[in-house]
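Below is one structure, written out as structure tokens, with a few remarks after it.
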Amino acid sequence: MKKLLKHRELLLVGIIAIMVAGFATRAPGFATPGNLANIFNDTSILIILALGQMTVILTKSIDLSVAANLAFTGMAVAMMDAAFPGLPLALLVILAVGIGAALGAINGVLVWWLRIPPIVVTLGTLTIYRGMAFVLSGGAWVNSHQMTPGFLNFPRLPVLGMPLLSWMAIAIVLMMWVVLTRTQFGRATYASGGNPTAAVYAGIDIGRTRFFAFTLSGALAGLAGYLWVSRYAVAYVDVAAGFELDTVAACVIGGISIAGGIGSVAGAVLGALFLGVIKNALPVIGISPFAQMAISGIVIVAAVVFNARAERKAGRIILRDRGAKEVSA
Amino acid sequence: MSDNRDMTAETRTRSAIPDRLGTPMSRLLGSWEVLLFGVAVAIFIANSLASPYFLNAWNLSDATFNFTEKAMIAFAMAMLIIVGEIDLSVAAIIALASTAMGAAAQMGIGAPGLVAVGVSVGLVCGAINGTLVSVLKLPSIVVTIGTMSLFRGISYITLGDQAYGKYPADFAYFGQGYVFWVFSFEFVLFIVLAIIFGIVLHATNFGRQVFVIGNNEFAARFSGIPVERIKFKLFLLTGLMSGIAAVCLTSRLGSTRPSIAQGWELEIVTMVVLGGVSILGGAGTIAGVVIAAFVMGLVTFGLGLLNVPGIVMSIFVGLLLIITIALPIVVRRIKFMSTK
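Just so you know, the protein sequences line up as chains A and B, in that order.
Quick note: the first sequence, position 198, residue 208 per this note's numbering, numbers continuous.
Quick note: the second sequence, position 88, residue 69 per this note's numbering, numbers continuous.
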């Protein structure tokens, strides 16, 4: 299993490298280190969100409310900064993470205590959170001149040649790698998605694990909310509309099984970078930005087909396959 | 037939829908619909008290446009959810079908041709989803997230930030015409489709097989039900209904943008779940979906009359979805605690 995963991440690295090389032939300068660093910086928020989404998907759940959570939290901290310019930035960032975690915890409680299917819970909270962002702001925008310079410039501060936003993404990638591979919670996450029955026998509380996964995903969405608003220097209700699907797409492309229990941090990061490279390349090679949606759709479907094959080869779901063959024969 | 029935009874005791355990199916289901009907009546009364403009035959007729198109898709979606799958690409199919009709209208094709274009685009999209799910055996939730972005993406490539207008005059009938007095073409179509779907799901072999698969796919396979073929047919049916809804919506609006029907997939799933269809599959009725359509239509129309903005209405829809699912679970918990 591990060999297969290693293999697939290398494959993804290869595909991304070929893509970059291909785009570079059409647009010289695309493959320069400076531009690649830009693409990474551009993809940082998606990477952060994809890692949260991945944790949730590993437990056999899905979190469709991340983008709405991001919009609400981003709006909340932007309004606070505009109303009280004296608030220290650290407090606002902590607040963003806290609000995000609280919204994620609401999803988690509904999934844990009431055992409502995660897709239903997060479809519901998706509209509720975005609606709350509207109620909070009254539909008004928070523009760059209303926010303090410190609040806006923080993700752009250059540290060792890269913006702080990129460094934060790198820090979170490392943190998530430690959490998922070196802690009890990480083990419980894989176990409760990979084989829920065995996990229960091993003494793992699946509901509680899911609750923490949703809370973690919410906290990362909250952080991303602050980063998004400060990076684009504007907060409005429709911020990041539909972005939840990009996070799911990044996970699926990165080989995280939607059935839970399979996937790695490196996969999710590479999946996000894959989308980031395409997004940044389209305007460079002269394809209409309107084509991006259709392309990511095709990529998602192709990745699902590919994943299903890889998983089937690993010898899972034997009986269902046999049954299916009998029926189709 | 009797074999199937025995099997559902047996598997039901093991299935994950304990709120329907041990009591006669019909009675409990009936009570959900009665409860929902009560909610609909309460909202109706609250609306007529809250706004003096509510109780007017033409006004109420206008209100039906809020849900008829969504409800047409909801009938097919209900069967799909009962069988244990889901289709999140329905709104994107509307967008693609509407774009195709718009392009056809620019080429001077008449109303019957436009309907044929819309319906066939719906069928093709449904067939794509069905092939991916039942032939390649992929999880429908990810597949339809992918095709959702693909179908709407094609619509964006075609239209960009433009819009199609200029539909032929007789095409307007499907969304704006009236069959008799205040009864619009859409409303009559909605009623006819409700009856057809009710019969198909509750009184045919096919409908019975849908329930069997939803309750226990393994058992269904071993009793010789063509699981994959039925799933394929249901995706095709959902595509077809999305195509029909696209005809009605395009005709009603008289123009097409790529963002048409954005977010409808959520409202349609909400309608189905609110109607008492179990999201885990295996249980539900068309009557429930019909009442849920009225409830959602009345809520949004009533709030609209009170000048509540659309995005705030969506909070109510989200709350409605979570509360209607959570309520029976909480009640069951309390009952369980008290018997203990």
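Yeah, the Cβ is synthetic: ideal placement off N, Cα and C, and Gly gets one too.
None of the values given here were measured: they were computed from a predicted structure.
### Task
Within its chain, find whatever has a CB closer than 6 Å to the CB of M(-18)(B); leave out the 5 residues flanking it on each side and keep chain order.
Note that M(-18)(B) scores 36 on pLDDT, short of 50, meaning its location in the model is unreliable and no value can be drawn from it.
### Query
For Y145(B), which of helix, strand or coil comes out of DSSP?
It is a strand residue.
### Query
Using a C-beta cutoff of 8 Å, does S295(B) count as contacting chain A?
So, interface residue.
#### Entry: Residue span of the alpha helix (DSSP H) that contains F178(B), given as start and end
Start and end: 166 to 184.
### Task
Name the one or two DSSP bridge partners that Y159(B) has.
Answer is S165(B), bridged to Y159(B).
### Query
Which word fits P239(B), buried or exposed, when buried means at least 16 other C-beta atoms lie within 10 angstroms of its C-beta?
Under this definition P239(B) is a buried residue.
### Query
chain A partners of Y137(B), CB-CB under 8 Å?
The contacting residues are F300, A301, M303, A304.
### Query
Which residues mark the beginning and the end of the alpha helix (DSSP H) in which S319(B) is found?
Run containing S319(B): 291 to 320, per the alpha helix (DSSP H) assignment.
### Task
Taking T42(A) and G203(A) to be in contact with their CB atoms under 8 Å, please state how far apart those CB atoms are, rounded to whole angstroms.
Rounded, the Cβ-Cβ distance is 40 Å, inconsistent with contact.
### Residues of its chain near G179(B), where Cβ-Cβ distance is below 6 Å and the 5 sequence neighbours each way are ignored
So the qualifying residues of the chain are I267.
### Query
What first and last residue would you give for the alpha helix (DSSP H) that runs through P128(A)?
Where P128(A) is concerned, the enclosing alpha helix (DSSP H) stretches over 128 to 147.
### Query
Could you give the distance in angstroms between the alpha-carbon of I206(B) and the alpha-carbon of L286(B)?
The alpha-carbon atoms of I206(B) and L286(B) are separated by roughly 49 Å.
### Task
Check T281(B) in the structure and name its three-state DSSP category.
Helix at T281(B).
### Query
When DSSP labels each residue in this structure, what does V116(B) get in the three-state scheme?
V116(B) falls in the helix class under three-state DSSP.
#### Entry: Cross-chain neighbours of D211(B) in chain A, by beta carbon under 8 Å
Reading the sequence as shown, one finds Ile at residue 211(B) and not Asp. What I211(B) touches in chain A: nothing, since even the nearest Cβ is about 10 Å away.
#### Entry: Other residues of its chain near I26(A): CB distance less than 8 Å, five sequence neighbours each side excluded
Answer for I26(A): L280, L283, F284, V287, listed in chain order.
### Query
Going by beta carbon distance, what residues of the same chain come within less than 7 Å of Q157(B), once the five residues before and after it are set aside?
Within the same chain, Q157(B) has close Cβ partners S232, R233.
### Task
Go ahead and label L215(B) buried or exposed: buried means 16 or more other beta carbons lie within 10 angstroms of its beta carbon, across all protein chains shown.
Buried is the label assigned to L215(B), since at least 16 other Cβ atoms lie within 10 Å of its Cβ.
### Task
Could you tell me whether the Cβ of M29(A) comes closer than 8 Å to any Cβ of chain B?
Closer than 8 Å: no.
### Query
Applying a beta-carbon distance threshold of less than 8 Å, which residues of chain B neighbour P206(A)?
Chain B residues near P206(A): none, gap ~12 Å exceeds 8 Å.
### Task
Under 9 Å between beta-carbons, which chain A residues line up against T323(B)? List them in chain order, please.
Residue 323(B) lies beyond the range of chain B shown here (-18 to 321); nothing can be said about it.
### Ordered list of alpha helix (DSSP H) runs contained in the stretch 205 to 249 of chain B, each at least 4 residues
Counting only runs of 4 or more, we get 208 to 234.
### Task
Would you mind telling me which residues of chain B sit closer than 9 Å to A318(A), beta carbon to beta carbon, in chain order?
For the C-beta of A318(A), the chain B residues within less than 9 Å are, from N- to C-terminus, L117, K118, L119, P120.
### Query
Helix, strand or coil for P43(A) per DSSP?
In the structure shown, P43(A) sits in a helix (DSSP, three-state: H, G or I).
### Query
Of all the residues that make up the stretch 114 to 148 of chain A, which are near chain B by a beta-carbon distance shorter than 8 Å?
Against chain B - using a Cβ distance shorter than 8 Å - the residues of the stretch 114 to 148 of chain A are L120, L124, R125, I126, P127, I129, V130, V131, L133, G134, T135, L136, T137, I138, R140, G141, M142, F144, V145.
### Query
Cα separation between R(-5)(B) and V193(B)?
Bear in mind that a pLDDT of 46 at R(-5)(B), under 50, signals an unreliable position, so the model cannot answer this.
### Cα-Cα separation between S338(A) and I260(B), rounded to whole angstroms
Any answer about S338(A) is weak, because its pLDDT of 44 lies below 50 and its placement is not dependable; what the coordinates show is given next. Roughly 27 Å separates the two Cα atoms.
### Message
If contacts are defined as beta-carbon pairs under 8 Å, then G114(A) and G228(A) qualify, I think. What distance do you get, rounded to the angstrom?
### Response
Contact holds; Cβ gap of about 2 Å.
### Message
With distance defined between alpha-carbon atoms, name the residue in A318(A), I266(A), A304(A) nearest to Q63(A).
### Response
When C-alpha distances from Q63(A) are compared across A318(A), I266(A), A304(A), the shortest belongs to I266(A).
#### Entry: Beta bridge counterpart(s) of M172(A) as assigned by DSSP
DSSP output for M172(A) lists V169(A) as bridge partner(s).
### Query
From V249(A), W151(A), A209(A), A181(A), pick the residue whose C-alpha is nearest to that of Q194(A); which is it?
When V249(A), W151(A), A209(A), A181(A) are compared, the shortest CA-CA separation from Q194(A) is found for A209(A).
### Task
Compare the Cα-Cα distances from F213(B) to each of V280(B), A150(B), E66(B), L255(B) and report the closest residue.
It is E66(B).
### Query
What does A282(A) touch in chain B if you count any residue whose Cβ is under 8 Å from its own?
Residues of chain B passing the Cβ test: none, with the nearest at roughly 16 Å.
### Query
Does the distance from the C-beta atom of G264(A) to that of G271(A) stay below 8 Å?
For G264(A) and G271(A), no; Cβs fall outside 8 Å.
### Query
With DSSP run on the structure shown, which of helix, strand or coil describes V311(A)?
For V311(A), the secondary structure class from DSSP, reduced to helix, strand or coil, is helix.
### Task
With a threshold of 16 other CB atoms inside 10 Å of the CB of Q143(B), please say whether the residue is buried or exposed.
By the C-beta density criterion, Q143(B) is exposed, having fewer than 16 other C-beta atoms within 10 angstroms.
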